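Student: Chains as they are written, first to last, in the numbering used here: chain A, 902 to 1233; chain B, 992 to 1490. Glycine included, C-beta positions come from ideal geometry on N, C-alpha and C. The structure displayed is predicted, hence computed values, not measured ones. Submitted below is the structure of interest, expressed as structure tokens.
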Amino acid sequence: METTARLNKKAIAGFMQNNAIIIIMMLIAVYVGISENNFFTMGNFKNLAVNTAVRFIIALGVSGALITKGTDLSAGRLVGLGSCIAASLLQRPDFSSKLFPGLPELPLFFVLIVTIIICGLFGFANAAVISFLKVPPFIATLGMQTLVYGICLVYTGAQPIGGLRKDYTGIATGSIFGIPYLLIISVLCGLFMWFLYNMTKHGKYMYAIGGNENAAEVAGVNTGKTKIKIYTLAAMLYAVGGILLAAKAGGTSVNMGSGYELEAIAACTIGGVSTNGGVGKVSGILIGVLVFELLKISLQFLGVETSYTYIVQGLVIIIAVALDLRKYLAKK
Amino acid sequence: MSDFLLEMNGISKSFPGVKALDNANLKVRPGTVHALMGENGAGKSTLMKCLFGIYTKDEGEILIDGKPTHILNPFDALNKGIAMVHQELQPILERSIAENIYCGRFPMKYNLFIDHKKMNEDTEKLLKEVKMNFDPKVKLSTLSVSQMQSVEIAKAVSANARIIIMDEPTSSLTQNEVDNLFDIINTLRKKGISIIYISHKMDEILSISDEVTIMRDGQYIGTWDAKELSIDKIVTRMVGRELKNLYPPKSNVPGEVILEVNELTSVSDKSFKNVNFKLKKGEILGIGGLVGAQRSELFEAIFGIRGVKKGTITYKGRQIRIRRPQDAIKQGIALLTEDRRATGIFGVLSISENVAIASLNKYVNHGFVLNNRKIDTLVKENIKKLSIKTPNSKTKIQTLSGGNQQKVIISRWLANDPDIFILDEPTRGIDVGAKYEIYSIIAELAKQGKSIVMISSELPELIGMSDRILVMCDGRISGEVAKEEATQENIMSLATKFV
Chain A
902 METTARLNKK
912 AIAGFMQNNA
922 IIIIMMLIAV
932 YVGISENNFF
942 TMGNFKNLAV
952 NTAVRFIIAL
962 GVSGALITKG
972 TDLSAGRLVG
982 LGSCIAASLL
992 QRPDFSSKLF
1002 PGLPELPLFF
1012 VLIVTIIICG
1022 LFGFANAAVI
1032 SFLKVPPFIA
1042 TLGMQTLVYG
1052 ICLVYTGAQP
1062 IGGLRKDYTG
1072 IATGSIFGIP
1082 YLLIISVLCG
1092 LFMWFLYNMT
1102 KHGKYMYAIG
1112 GNENAAEVAG
1122 VNTGKTKIKI
1132 YTLAAMLYAV
1142 GGILLAAKAG
1152 GTSVNMGSGY
1162 ELEAIAACTI
1172 GGVSTNGGVG
1182 KVSGILIGVL
1192 VFELLKISLQ
1202 FLGVETSYTY
1212 IVQGLVIIIA
1222 VALDLRKYLA
1232 KK
Chain B
992 MSDFLLEMNG
1002 ISKSFPGVKA
1012 LDNANLKVRP
1022 GTVHALMGEN
1032 GAGKSTLMKC
1042 LFGIYTKDEG
1052 EILIDGKPTH
1062 ILNPFDALNK
1072 GIAMVHQELQ
1082 PILERSIAEN
1092 IYCGRFPMKY
1102 NLFIDHKKMN
1112 EDTEKLLKEV
1122 KMNFDPKVKL
1132 STLSVSQMQS
1142 VEIAKAVSAN
1152 ARIIIMDEPT
1162 SSLTQNEVDN
1172 LFDIINTLRK
1182 KGISIIYISH
1192 KMDEILSISD
1202 EVTIMRDGQY
1212 IGTWDAKELS
1222 IDKIVTRMVG
1232 RELKNLYPPK
1242 SNVPGEVILE
1252 VNELTSVSDK
1262 SFKNVNFKLK
1272 KGEILGIGGL
1282 VGAQRSELFE
1292 AIFGIRGVKK
1302 GTITYKGRQI
1312 RIRRPQDAIK
1322 QGIALLTEDR
1332 RATGIFGVLS
1342 ISENVAIASL
1352 NKYVNHGFVL
1362 NNRKIDTLVK
1372 ENIKKLSIKT
1382 PNSKTKIQTL
1392 SGGNQQKVII
1402 SRWLANDPDI
1412 FILDEPTRGI
1422 DVGAKYEIYS
1432 IIAELAKQGK
1442 SIVMISSELP
1452 ELIGMSDRIL
1462 VMCDGRISGE
1472 VAKEEATQEN
1482 IMSLATKFV
């Protein structure tokens, strides 16, 4: 009896240690929920769900890079590029300041697919630089971040893009049986990635590269090809994120998505994706995003000024990574 | 005045789930070489880490010169006269020898600037003591492993260490370098410095050490005068039972030629050149030679990891080109690499994932969906067949012992059912009991008609297991020895033919 009790105690202590940041943030949310009146309302939850939905898609993209011990700092700017391409091609014909005044009304799906493919090409370029030129992912994607921003500025002439077509904005505002399309798309992305990570060779190869890239090479894993798939798919997910964000906001500008890569990396780390590579689950990523969004909303409810929320978010990112690395430090 | 320079009494240390040290003792006399022996996991390294302040002991006392001492961390240990020459050296490659020796305690001028002149002069004197004639300003990256080790020893001497711990110092040295190291050790011993010497190599232990302490399962077994001991006695005490045979019986029959290599030459001028050899079906071909003879490089090139400038590989009567490991795997060649941690295991992944990674193509349904249940069955079969000691198939491989990790990687290749197994130092860092199991697996594979290439630096193992031994020296094949006439002497003379 005594030993089981002690084991349980140990197990609980271990759980607390491994999920410390999630527990702390949940406690904050509970505190805010009790002390503020409008926190536990349908409207607030819907808001949370919709915010989480888009960030989750972006975090899924970044997770592949993180699991293979890389990173993708171009995520936010690619979200922006995706939103600008889609929005510029889907403005209302009668809108006065169209980016392309003579543009005919293009089929919605065609535009979305073109957007996803163009962003995918940038992801492909990321992977090519990383796998073939052997540039560290941090530098390669940092360069790409700036490069994509520049392209986006040139493309839009730094003008905001508004007046989006109803069928396009409908993706973000519409719902079926009361469930927003946004949520459904997000869940589908999550299921797809879960399947990819757990039920395909690609997933196993990805974890193997993160676990030990040299050993993966010896075991016959084509590491270059696997990374190309990872970074390309990631960029396509950023495009989806960008498309949804522009639709939700009814317009976009070059600054859309700025800084989202850091939020995504933070959410992944909070959710147990290790910056040491080889570890990370889709369910964890979802929890990470949810908790991070919950924190943001809680701070809003507490009336913390936006400027201060940045300070808190920055701290959370650093603490999350520090706690993660502690798990893998040699236990002394 | 105590008889002992160092006494460790009743040391215990637990990690979550394991008691690594259970009441362990060690008593070292001044000016002696004291060997510490035991199988992997016996607690030798843990005990040394407690002494060096890397771990904190749970129980027990440490006495230096008969006085109780607390060691807080490695820096403190160094101040108290204890130095460690690491199993895996951790030098700063891009800095000079002098900086490596004095890092953390640079001689200063006016307490403000580093006194480079003094540092370099002192280093030169120190290097002479360890028989190295080197410019102290030379970058460490230009030295060989054994020279780096000498630098490490010089560092210990410079810190006035009275106890130097050497953990597997000869594991990657050639015979000449080992002799050189022993010269240095003898000089140190004469100066009254005590050496704690950890090694798996019995003949070395018997020739260099004065006393031997043996540990098993974290416990102290006993201390003996080295003169009273023989290899058999040590092994029996380490394993706790008598090992009748070091090698299993073999019943394989070599058949027709399966692999023929002609004039194979590396893209690198310093590597192997004009290599010719044949490998037969069901044969165990040993590859001997000194470290640096380019044995691993040759077989990594055959496996597609390294580039080849010219030469041909004929496999099953057809000439093939292997550009990358995938090509070799497809042809039915497997490679167990020399450095398990760097190029073998996926530490954070489960045993299951470690086993399945090279054979996933076999478990794909509908073109892309993995059959995880089938993979699990395969893994469980292998755990049973190779008697891998693990709680279950989901356990992370990094928590297993070296021998069990090696078996997991062998399972990885078995799952592919290859025809040729290239095993590069298959028993390195593995204890006596697990070694026998690995040998049995090799013998069984050969019996089934698989061809085995076994690269090994341990001569007894090479002679005990091989049907035929090729010896390499300086990137070339320097000779072939048949099993019947193989002796340590004739292999060594071939291994040093071109030096």
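If the cut is a Cβ gap below 8 Å, which residues of chain B does A/LYS1102 touch?
Tutor: Neighbours of A/LYS1102 on chain B, chain order: LEU1351, ASN1352, VAL1355, PHE1359, LEU1361.
Student: For B/SER1392, which of helix, strand or coil comes out of DSSP?
Tutor: Looking at B/SER1392 - three-state DSSP - the assignment turns out to be coil, as it is neither helix nor strand.
Student: Unbroken alpha helix (DSSP H) runs of length 4 or more, entirely within the segment 935 to 1005 of chain A: which are they?
Tutor: List check, alpha helix (DSSP H) in window: 943 to 968, 976 to 990.
Student: Assign A/SER1184 to buried or exposed, taking buried as 16 or more other Cβ atoms, counted over all protein chains shown, within 10 Å of its Cβ.
Tutor: Exposed, because fewer than 16 other Cβ atoms sit within 10 Å of the Cβ of A/SER1184.
Student: Quick one: give me the first and last residue of the alpha helix (DSSP H) that B/SER1198 is part of.
Tutor: First-last of the alpha helix (DSSP H) with B/SER1198: 1193 to 1199.
Student: Got a sec? Which residues, its chain only, sit under 7 Å from B/LYS1355 by beta carbon, not counting five neighbours each side?
Tutor: It is worth fixing the name first, because residue 1355 of chain B is Val in this sequence and not Lys. Counting only Cβ-Cβ distances below 7 Å, and skipping sequence neighbours, we find LEU1361.
Student: For the putative contact between B/MET1456 and B/GLY1277, defined by C-beta atoms under 8 Å, what is the C-beta separation to the nearest angstrom?
Tutor: Indeed, because the Cβ distance is near 7 Å, the residues count as touching under 8 Å.
Student: Give a yes or no on whether 8 Å exceeds the smallest Cβ distance from B/VAL1339 to chain A.
Tutor: Yes, its Cβ sits closer than 8 Å to a Cβ of chain A.
Student: Should B/TYR1306 go down as buried or exposed, given a rule of 16 or more other Cβ atoms within 10 Å for buried?
Tutor: With 16 or more Cβ atoms within 10 Å of its Cβ, B/TYR1306 is classed as buried.
Student: Using 8 Å as the limit for Cβ to Cβ distance, is A/TYR1098 near chain B?
Tutor: Closer than 8 Å: no.
Student: Listed in chain order, which residues of the segment 1150 to 1171 of chain A have Cβ atoms closer than 9 Å to some Cβ of chain B?
Tutor: For the segment 1150 to 1171 of chain A, which is checked against every Cβ of chain B, not one residue is closer than 9 Å.
Student: Mind reading off the beta-carbon distance from A/ILE959 to A/GLY1091? Whole number of angstroms is fine, and I expect it under 8 Å.
Tutor: 12 Å between Cβ atoms; not a contact.
Student: Verify the contact flag: B/ASN1111, CB atom, against every heavy atom of the ligand NAP, threshold strictly below 7 Å.
Tutor: This structure lacks the ligand NAP, and indeed carries no ligand of any kind.
Student: Should B/SER1378 go down as buried or exposed, given a rule of 16 or more other Cβ atoms within 10 Å for buried?
Tutor: Looking at its Cβ environment, which holds fewer than 16 other Cβ atoms inside 10 Å, B/SER1378 is exposed.
Student: In this structure, how does DSSP classify B/MET1123 when only helix, strand and coil are distinguished?
Tutor: Coil, per DSSP.
Student: DSSP three-state call for A/GLY1044: helix, strand or coil?
Tutor: Helix.
Student: Along chain B, which residues have their Cβ under 8 Å away from the Cβ of A/LYS1105?
Tutor: Within chain B, the residues near A/LYS1105 are GLU1344, ALA1347, ILE1348, LEU1351, LEU1361.
Student: For A/SER998, count the other beta carbons within 10 Å of its own beta carbon; 16 or more makes it buried, fewer makes it exposed. Which is it?
Tutor: Exposed, because fewer than 16 other Cβ atoms sit within 10 Å of the Cβ of A/SER998.
Student: Any chance the segment 1187 to 1202 of chain B sits against the segment 1043 to 1051 of chain B, with 3 or more Cβ pairs inside 8 Å?
Tutor: With a cut-off of 8 Å, the segment 1043 to 1051 of chain B and the segment 1187 to 1202 of chain B do not count as touching, because too few Cβ pairs lie within range.
Student: Indicate the three-state DSSP secondary structure (helix, strand or coil) for B/GLN1210 in the structure shown.
Tutor: The answer is strand: DSSP assigns B/GLN1210 an E or B state.
Student: Any idea if A/PHE957 is buried or exposed, counting beta-carbon neighbours within 10 angstroms, 16 or more meaning buried?
Tutor: It is buried - the Cβ of A/PHE957 has at least 16 other Cβ atoms within 10 Å.
Student: Put B/LEU1017 into one of helix, strand or coil per three-state DSSP.
Tutor: Note: B/LEU1017 maps to strand in three-state DSSP.
Student: Any idea if A/THR1153 is buried or exposed, counting beta-carbon neighbours within 10 angstroms, 16 or more meaning buried?
Tutor: Flag for A/THR1153 reads buried.
Student: According to DSSP, is A/MET1157 helix, strand or coil?
Tutor: Looking at A/MET1157 - three-state DSSP - the assignment turns out to be coil, as it is neither helix nor strand.
Student: Excluding the 5 residues preceding and the 5 following A/LEU1054 in the sequence, name in chain order all residues of the same chain whose CB lies nearer than 8 Å to its CB.
Tutor: Once the five neighbours on either side are set aside, the close Cβ partners of A/LEU1054 are VAL1155.
Student: Helix or strand or just coil, what does DSSP make of A/ILE913?
Tutor: A/ILE913 falls in the helix class under three-state DSSP.
Student: Quick check on the DSSP output: what are the complete alpha helix (DSSP H) runs of length 4 or more inside the segment 1108 to 1177 of chain A, in order along the chain?
Tutor: Complete alpha helix (DSSP H) runs here, min 4: 1114 to 1119, 1124 to 1150, 1161 to 1171.
Student: Please determine, among B/LYS1122, B/TYR1238, B/ASP1158, B/GLU1344, the residue with the shortest C-alpha to C-alpha distance to A/HIS1103.
Tutor: Considering only alpha carbons, the answer is B/GLU1344.
Student: Looking at C-beta atoms only, is the number of pairs between the segment 1027 to 1038 of chain A and the segment 1118 to 1137 of chain A that lie closer than 8 Å three or more?
Tutor: Short answer: they touch.
Student: To the nearest angstrom, report how far apart A/MET917 and A/VAL1190 are at their CA atoms.
Tutor: Rounded to the nearest angstrom, the two C-alpha atoms are 19 Å apart.
Student: Taking just the CA atoms, how far does B/GLY1338 sit from A/LYS1232?
Tutor: Because A/LYS1232 sits at a pLDDT of 44, beneath the cut-off of 50, its placement in the model cannot be relied upon, and the following sentence gives the value as read from the coordinates. Their Cα atoms are separated by approximately 16 Å.
Student: Considering only the alpha carbon of each residue, which of B/ASN1267, B/ILE1433, B/LEU1351, B/GLY1302 lies closest to B/ARG1467?
Tutor: When each option's Cα is compared against that of B/ARG1467, the closest is B/ASN1267.
Student: What residues in the segment 1144 to 1155 of chain B have a beta carbon less than 7 Å from any beta carbon of chain A?
Tutor: So the list is empty, because no residue satisfies the distance condition.
Student: Do B/MET1028 and B/ILE1205 count as a contact pair if the criterion is CB distance below 8 Å?
Tutor: Yes, they are a contact pair.
Student: Answer yes if the segment 1051 to 1065 of chain B comes into contact with the segment 1123 to 1131 of chain B, meaning at least three C-beta pairs across the two stretches below 8 Å, and no otherwise.
Tutor: As far as the Cβ criterion goes, the segment 1123 to 1131 of chain B does not touch the segment 1051 to 1065 of chain B, which means the pair count is below three.
Student: Counting only Cβ-Cβ distances shorter than 8 Å, please list the residues of the segment 1361 to 1394 of chain B near chain A, keeping chain order.
Tutor: Listed by position along the chain: LEU1361, ASN1363.
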